[in-house]
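Residue numbers (our numbering): 13 to 427.
Backbone N, C-alpha and C define an ideal beta-carbon position, used for all residues, glycine too.
Working notes, beginning with the structure itself.
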């Protein structure tokens, strides 16, 4: 066995590009890669991880935010599988020492229908070969109807009012993978009419929206968010979307745009809505500029929905409900649900995800607090007084409606 391993190592280093290409074109490899891609789509995966280890090789799918091990292909196929994916995504198959990024666009027959598929591909050299991650961009997973994202009614009304304003800034905040892009895209499709010019700066452009002028960032040639924003202001825009406020320069131009009669939508990475104000000030933006430009901040998280096929009542002690924040009067009367697990949901008990939203309107009172240098805690207290539904409260509402479980809400929110 050991001698065999040495032979393999020497052989591997001698494989040239022609061998790699030949290996990648062999029918079993082509079929296996096609199977991995089509299986990911059937299961509704968002990402595919193909991972080489010393003595094993595995494929995992991220489904509704959680990774599941799906298969262990033969380790001798790892070079060929990686090469096949690199060929599909037009990457350099001879370059194994540096990370590479690409994109695969292909048509595949699924359930009798021809489907256009779009994958973002990223390779990175690990100790035992290249790890490949494919992010599946499926138009059908994009929910453009704002009423179906998971907003509570009062939160949705506030959010809609803010994006229908002629100018000002609306910020959506949350960790990576919390559905911010989807929320912004649904906001754009809500306000996209022939009367307005919408410009977006994105890195990367995930989905193409009809009637929206989308610009892909290219850092390597100096086209970053700040540069794109500057040019947008010469393009007679009504609405500007900036993928992310990453630095002072981007924040400064975005705020200038919001103050000069444009509606600006963007995202940030903060834990909740009130702390976003402090983040902008920490970036170096003056409090009076933040107070006058920002209309609304929406923080969000995603939780898994209970599978509707195997949903059943669940008995949970009243104390557990009190612990997560249900009021004493309400707790005894709440009927919780859980997913038993069935073939529809891969025996997880969950199928699909729904958003939790915390929508903070920047009212005159909150503006005054910002100007007086209030902390995030004080801003939060005031916002809750004014009727803001917090992320945790949004989660409790979904538990009460039987949409999700306590576990999910506790994982994503704090009291």
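- In the structure shown, the three-state DSSP call for residue 250 is coil.
- As a beta-bridge residue in DSSP terms, residue 73 pairs with 60 and 80.
- Note that the C-beta distance between residue 129 and residue 114 is not below 7 Å.
- Under the 10 Å beta carbon count, residue 273 is surrounded by fewer than 16 other beta carbons and is classified as exposed.
- Rounded to whole angstroms, the gap between the alpha carbons of residue 282 and residue 246 is 31 Å.
- For the pair of segments examined, the stretch 367–382 was found not to touch the stretch 320–331: the number of CB pairs separated by less than 8 Å stays below three.
- The three-state secondary structure of residue 295, taken from DSSP, is coil.
- The Cβ-Cβ distance between residue 383 and residue 299 falls below 7 Å.
- For residue 143, the pairing in a beta bridge is given by DSSP as 136.
- Residue pairing by DSSP places residue 311 opposite 185 and 370 in a beta bridge.
- Counting along the chain, residue 33 sits inside no beta strand (DSSP E); it lies in the alpha helix (DSSP H) bounded by residues 29–37.
- Within the DSSP secondary-structure output, residue 279 pairs in a beta bridge with 184.
- Non-local C-beta neighbours of residue 338 in its own chain, meaning closer than 7 Å and more than five positions away in sequence, comprise 346 and 408, ordered along the chain.
- Cβ-Cβ distances below 6 Å link residue 290 to 388 in the same chain, with the five nearest sequence neighbours on each side left out; the list follows chain order.
- Following the DSSP letters along the chain, one finds residue 213 inside the beta strand (DSSP E) bounded by residues 210–214.
- Its chain contains 175 as the residues whose beta carbon lies nearer than 6 Å to that of residue 203, once the 5 sequence neighbours on both sides are disregarded; these appear in chain order.
- Contact check for residue 109 against residue 137 passes: the beta carbons are separated by less than 7 Å.
- DSSP, reduced to helix, strand and coil, places residue 107 outside both helices and strands of the structure shown, so it counts as coil.
- Comparing alpha carbon positions, the residue from 208, 226 and 166 closest to residue 250 is 208.
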